[in-house]
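Given below as structure tokens:
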């Protein structure tokens, strides 16, 4: 790339910004700004996702229970807006087909979540996650699992989407355990057809069980985290990159144009303003050190 001057001719004014070196610096600043923008928009998306989740919690968590057949008219029905929606379903618990979800942690303690199919009058089963039980003495199973109410039960549960499979893991063969609440896989272990789009986290049972239920869930916190702050910071970093480039350009301009009368006058004015400022303790100390060295 030729900038229209002889190789030994010095730059005058701002012409140096057209040199390969400074165009390279500009390209680096642009690349850095693009990278910061991508990270910033990622944080913005995370923030919007958190806001959307909070809106769902506010709208659905305490919603009047909806009959499950209305909320999920087909076996595979699911809409993301239904997360946490309270549904009501009546049937009989099928304890014989009860499953345990492995590797569920509560307050740092390993355990299992208890999945019990609730078979409705039409023969379909709605999978109810009744809660968490700790790992037992054998490590690979709980010591005991609280029994659900017998007979006909009316359950209120909060909808959750079927979980994805965990890559690289398979359900233990010939056991009542699964790696995740992947309902299409759960279906293979059960006798009755089930809703495969969603399951429910237990909120209440009527009649109540004769023994303590598995541990339930706390209400999710309505918090968007620090995503908005990080979003702003990334764009400040991008602006800072251009600001630093501008600072370097000004310094280069001053160095290359020292002999220009106007620039010399501006430099003298900057020096006068600097000298007029009260000296800090650090400046006085530096002058003393420098004078000692010279002597």
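Residue numbers (my numbering): 72 to 366. Backbone N, C-alpha and C fix where the C-beta goes; we use that ideal spot for every residue, glycine too. Quick caveat, the model's predicted, so the values are computed rather than measured.
Item, Value
"Residue environment, residue 265, which counts as buried when at least 16 other CB atoms sit within 10 Å", "buried"
"Classification of residue 197 by the beta-carbon crowding that lies within 10 angstroms, buried from 16 upward", "buried"
"Best match in 205, 184, 263 and 349 for proximity to residue 195 [C-alpha to C-alpha]", "263"
"Enclosing beta strand (DSSP E) for residue 174 [first to last residue]", "170-177"
"Entirely enclosed alpha helix (DSSP H) segments - the region 214-293, minimum 4 residues", "254-259"
"Contact under 8 Å by Cβ, residue 100 with residue 327", "no"
"Residue 166 classed as buried or exposed, judged by whether at least 16 other C-beta atoms fall within 10 angstroms", "exposed"
"CA-to-CA distance, residue 230 to residue 123, given in whole angstroms", "16 Å"
"Reduced DSSP secondary structure (H/G/I, E/B, other) of residue 210", "coil"
"Residue 203, enclosing beta strand (DSSP E) - first and last residue", "196-205"
"Cβ-based burial, residue 135 [other Cβ within 10 Å; buried from 16]", "exposed"
"Near the ligand FMN: residue 303 beta-carbon under 7 Å from a heavy atom", "Judged by which ligands are present, the structure shown has none, so any question about the ligand FMN falls away."
"Beta-carbon proximity of residue 254 to residue 200, cut-off 8 Å", "no"
"Alpha helix (DSSP H) segment containing residue 316, residue limits", "298-327"
"Rounded Cβ spacing between residue 153 and residue 269 (contact assumed at less than 8 Å)", "7 Å"
"Length at least 3, wholly inside the region 123-188: the beta strand (DSSP E) runs in chain order", "157-164 and 170-177"
"Cβ neighbours of residue 324 in the same chain (closer than 7 Å, five flanking residues each side left out)", "85"
"Beta-carbon proximity check, residue 252 vs residue 186, cutoff 8 Å", "yes"
"Best match in 171, 131, 163 and 162 for proximity to residue 260 [C-alpha to C-alpha]", "171"
"DSSP bridge partner residues for residue 88 (one or two, in chain order)", "Answer is none; residue 88 lacks a bridge partner."
"Cβ distance (whole Å) where residue 224 is taken to contact residue 277 below 8 Å", "7 Å"
"Three-pair Cβ contact test at 8 Å for the region 232-242 versus the region 109-123", "no"
"Beta-ladder partner(s) of residue 190, from DSSP", "163 and 196"
"Residue 108 (DSSP reduced to helix, strand or coil)", "helix"
"With 16 other Cβ atoms within 10 Å as the buried cut-off, status of residue 158", "buried"
"Exposure label - residue 241; buried when at least 16 CB within 10 Å", "exposed"
"Inter-residue CB distance, residue 139 and residue 163 (contact presumed, cutoff 8 Å)", "Incorrect: roughly 15 Å between the Cβ atoms, too far for contact."
"Option in 318, 312, 330 and 349 with minimal Cα separation from residue 98", "312"
"Pair within 8 Å by beta-carbon distance, residue 285 and residue 204", "yes"
"Whether residue 247 touches residue 169 by CB criterion (8 Å)", "yes"
"Whole-angstrom distance between residue 348 and residue 125, CA atom to CA atom", "53 Å"
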